[in-house]
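In the numbering used here, the protein residues as written are 19 to 99.
Shown next, in the form of structure tokens:
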């Protein structure tokens with residue numbers, strides 16, 4: 019599995035319901051953080067917590083497509099360029 023450390027940052031635009039946005043704001047403020055900072059921490063911790071599952075899913079997708087994991091990752095990265 020690709021374990022290189024990314025040095026670039028990815029900027030995402032997401033849409034939340036009004037309720038979710040309000041709850042995110044309250045959650046962030048309760049931790050003395052801004053919404054963007056708190057949302058980033060939530061996403062990063064979720065990825066770390068699910069890393070084994072993510073790797074397994076990538077392996078299964080590669081196998082289903084008759085590709086190696088490296089080939090699949092390269093294909094997906096090229097699609098996102």
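Don't be surprised by glycine CBs; every beta carbon is placed ideally from N, CA and C.
Since the structure is predicted, the reported quantities are computational estimates derived from the model, not experimental observations.
In three-state terms, what does DSSP make of residue i?
i	result
residue 72	helix
residue 40	helix
residue 97	helix
From this set, the options, which residue's C-alpha is nearest residue i's C-alpha?
i	options	result
residue 45	36, 56 and 35	56
residue 54	29, 77 and 85	29
residue 31	58, 65 and 79	58
residue 80	65, 93, 64 and 97	93
So residue i packs on residue j, CB below 8 Å; how close in whole Å?
i	j	result
residue 87	residue 77	6 Å
Less than 8 Å separating the beta-carbons of residue i and residue j?
i	j	result
residue 75	residue 83	no
Alpha helix (DSSP H) runs wholly inside the segment 43 to 93, at least 4 long, in chain order: Within the segment 43 to 93, the complete alpha helix (DSSP H) runs of at least 4 residues are 53 to 67 and 69 to 83.
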